[in-house]
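Participant:
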Amino acid sequence: MKKILFALLLSVFVLAGCSPKAPGTSLSQTKEDLKITLYLDKRTYTSTEVITPYAEVEYVGKEDKITLITGSPSVYFSVTGGKYHKGEYAIEDMAIMLELKKNTPVRFDFSKSGGFETNSPDAPFWEAYYAQKELMLEPGTYDLEAGLIYRLQGEPQDTTLKVKMSITVTK
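Structure, rendered in C-alpha cells:
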C-alpha cells in the first residue's frame, strides 16, 4: 500500500513539474503606489499570428482606493521596431477619472492609437495597419510598451508609469 501511495505521489510531483510554464510573458513596473503589468502570450510570434497584449494597472498603496486623472485611453500601447513602428501613440487630453481599489488589478486590452499623413510615402502601410483591429507585425524585433500617464487630484504635474517588453516576429 505504501509503495502505491509513494508511486502516486511521485507521479503527481513529476507531472506538476512538467506542466508548461510561460516564463517572460509578463513584466511589471511599480512607482510609488501603482503597478503596471504588461502581458503577452509568448515572446516569439510568426508574421501570420495575432499578438494580443494587455496591461493591468493596480493600486498597491495603504488606502482602500485611489482616483487618478488620465487621458483617453487611460493606458496607451506603443510599438517600436521594424521598418515603420517608431513608438508613437496618441492620447486625448481629457480628464478621465480612473478609480482603483487596493490590490484589484484593472485590465486594459491592446488598442492601436496614433495617426499618419495621408500624403506620406508610408500611408498605404498605415492605412492597412489601422484598418486591422488585431496586432500583426512583419518579421523583426519589436518593443511593446504599455504606459499610464496620470495625475493625482490636487497635483499639478503628470506622472508616467510604463513597462516595455521585447518580442521577435519570424516569417
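The sequence shown lines up with residues -16 to -1, 1 to 155 when you count with mature numbering (1 follows the signal peptide of the UniProt record, and there is no 0).
Note that CB positions come from ideal geometry on N, CA and C, so glycine has one too.
1. By a C-beta neighbour count over all protein chains shown, 10 Å radius and 16 as the cutoff for buried, is residue 229 buried or exposed?
2. Assuming Y68 and D106 make a contact with CB atoms under 8 Å, what is their CB distance in whole Å?
3. Taking all protein chains shown into account, decide if V63 is buried (16 or more other Cβ within 10 angstroms of its Cβ) or exposed.
4. On the three-state DSSP scale, how would you describe K5?
5. Would the region 134 to 141 count as touching the region 109 to 124 if we require 3 or more Cβ pairs under 8 Å?
6. Does the distance from the CB of I20 to the CB of V147 come in under 7 Å?
7. Run the CB neighbour count on K28, radius 10 Å, all protein chains shown included, and call it buried at 16 or more, exposed below.
8. Based on Cα-Cα distance, which residue from T9, M78, V41 and F100 lies nearest to E16?
9. Going by C-alpha to C-alpha distance, which of E76, G65 and E72 sits closest to I53?
10. Keeping to the same chain, check which residues put their C-beta closer than 6 Å to that of L24; ignore five residues upstream and five downstream.
11. My assumption, with CB atoms under 8 Å, is that L119 sits in contact with F94. Please give the rounded CB distance.
Facilitator: With the given structure in hand:
1. Since the first residue of the chain shown is -16 and the last is 155, residue 229 is not available in this structure.
2. 6 Å
3. buried
4. Residue placement at K5 is poorly supported in this model, since its pLDDT is 42, which falls under 50; the coordinates still yield a value, given next. In this structure, K5 counts as coil in the three-state DSSP scheme.
5. no
6. yes
7. A quick correction: the sequence has Thr, not Lys, at residue 28. Label assigned to T28: exposed.
8. V41
9. E76
10. T9 and P37
11. 6 Å
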